[in-house]
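Heads up, this note's numbering is the position in the sequence shown plus 36, with the first residue counted as 1.
I have placed the structure first, in the form of structure tokens, so that the comments after it can refer back to it.
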Amino acid sequence: MNLKTKFLKIKDLILDALFPDKFKCIFCGKDIPSDFICKDCLKQDIFNEGNRCEICDTSIKEGNIVCEHCQKMKRHFKKVYSPFRYDGIVRKAILQFKSDGAKYLAKGFAEFIAQRLEVEQLEYDVIIPIPSHKKTIRKRGYNPAKVLAEELSKITSKPVVDVLYKVTQTKNQKLLNYNERQTNLENSIMLLNNSVIKNKNILLIDDIITTGATIETCAKLCNKAKNIYACAVARRT
Ligand SMILES: [Zn+2]
Ligand SMILES: [Zn+2]
37 MNLKTKFLKI KDLILDALFP DKFKCIFCGK DIPSDFICKD CLKQDIFNEG
87 NRCEICDTSI KEGNIVCEHC QKMKRHFKKV YSPFRYDGIV RKAILQFKSD
137 GAKYLAKGFA EFIAQRLEVE QLEYDVIIPI PSHKKTIRKR GYNPAKVLAE
187 ELSKITSKPV VDVLYKVTQT KNQKLLNYNE RQTNLENSIM LLNNSVIKNK
237 NILLIDDIIT TGATIETCAK LCNKAKNIYA CAVARRT
């Protein structure tokens, strides 16, 4: 390797360390001239599009308005917004963001959430991250939902109010059905300050939405708010 190549390599390494999200596709990491997603990833079925439940944003049959879940039970939130489908390359990137320290991905993810909220002209006053237990935060180094909230706040200028607190660590939710999840979650989260949400339009934020049980629990706790909305990077469909 000659000196010039060596220098260019070091320069790239420094730039990558300083700006890890600069012109890199959020899904495959490929260098791109601008924006957040490369052409190849854009060609994939990543966006949460098509006919979706008007409450929880999950895919439903053409002609239907709300999903079975939202028909059966009362939802304490008005509507969920999630730009991507939780599958394939999106799932992989979110797992990197949550568990492999790829915190820098939050900026790109928040950009797409912001775009979706703007398209839908959502009016809200504060952004509230879904809490993580302090042990999980210690392990990961951060609460992914809070990092997303802060990035969204930079784009939208809406304040983040971190008022939900995870009291106990919940058991592995994956093995439980909706009702079991709900019971498991009740009492595991508390609202620290009622006055900051009272009569406000609030936007809960999380990395992914699977059954909506966590959002529902948090929405129930925030029942003094005027309207409760929720958003996430991706929705399991
Ligand atoms: Zn890509
Ligand atoms: Zn629904």
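Just so it is clear, CB atoms sit at the ideal spot from N, CA and C, and this is done for glycine as well.
Ignore the nearest five residues each way along the sequence and tell me which others in residue i's own chain have a CB closer than 6 Å to its CB.
i: alanine 266; result: Phe113, Val116, Leu240, Ile251
i: aspartate 57; result: Note on aspartate 57: pLDDT 48, under 50, position unreliable in the model; the coordinate value appears next. Tyr140, Lys143, listed in sequence order.
i: phenylalanine 63; result: Cys77, Ile125, Ala129
Going by C-alpha to C-alpha distance, which of the options sits closest to residue i?
i: leucine 221; options: Leu141, Lys171, Ile125, Ala255; result: Ala255
i: aspartate 236; options: Ile163, Glu154, Arg127; result: According to the sequence displayed, residue 236 carries lysine and not aspartate. For lysine 236, the nearest C-alpha among the options comes from Ile163.
i: aspartate 71; options: Ile130, Phe145, Glu104, Arg174; result: Phe145
i: alanine 268; options: Asp76, Val196, Ala185; result: Ala185
Alpha carbon to alpha carbon, how far is residue i from residue j?
i: threonine 94; j: lysine 128; result: 20 Å
i: valine 203; j: proline 165; result: 15 Å
i: aspartate 198; j: cysteine 61; result: 29 Å
i: valine 11; j: cysteine 92; result: Only positions 37 to 273 of the chain appear in the structure, and residue 11 is not among them; the question remains open.
i: isoleucine 245; j: asparagine 229; result: 24 Å
i: glycine 177; j: asparagine 259; result: 30 Å
i: serine 89; j: arginine 152; result: Reading off the sequence, residue 89 comes out as cysteine, not serine. Those two C-alpha atoms are separated by around 16 Å.
i: valine 196; j: valine 232; result: 11 Å
i: glutamate 280; j: lysine 171; result: The requested residue 280 does not occur in the structure, where the chain is confined to residues 37 to 273.
i: proline 180; j: tyrosine 160; result: 21 Å
i: glutamine 157; j: serine 189; result: 16 Å
i: leucine 131; j: asparagine 263; result: 30 Å
i: arginine 271; j: lysine 134; result: 15 Å
Note down, in chain order, each residue of its chain lying with its Cβ closer than 7 Å to the Cβ of residue i, except the 5 sequence neighbours on either side.
i: isoleucine 147; result: The sequence shown places glutamate at residue 147, not isoleucine. Once the five neighbours on either side are set aside, the close Cβ partners of glutamate 147 are Phe72, Ile191.
i: glycine 86; result: Ser95
i: threonine 206; result: Asn220, Leu221, Ser224
Could you give the uninterrupted runs of the alpha helix (DSSP H) lying entirely in the segment 237-263, keeping only those of 4 residues or more? 249-257
Three CB pairs or more closer than 8 Å across the segment 88-99 and the segment 127-139: no
Does the pairing of the segment 78-87 with the segment 117-127 give three or more beta-carbon distances under 8 Å? yes
Enumerate, from N- to C-terminal direction, the unbroken beta strand (DSSP E) stretches of 3 or more residues contained entirely within the segment 182-221. For the segment 182-221, whole beta strand (DSSP E) runs of length 3 or above, ordered along the chain, are 200-202.
Continuous alpha helix (DSSP H) assignments of at least 4 residues falling wholly in the segment 44-121: 75-78, 104-108
3-residue-minimum beta strand (DSSP E) runs that sit fully inside the segment 129-156, ordered along the chain: none
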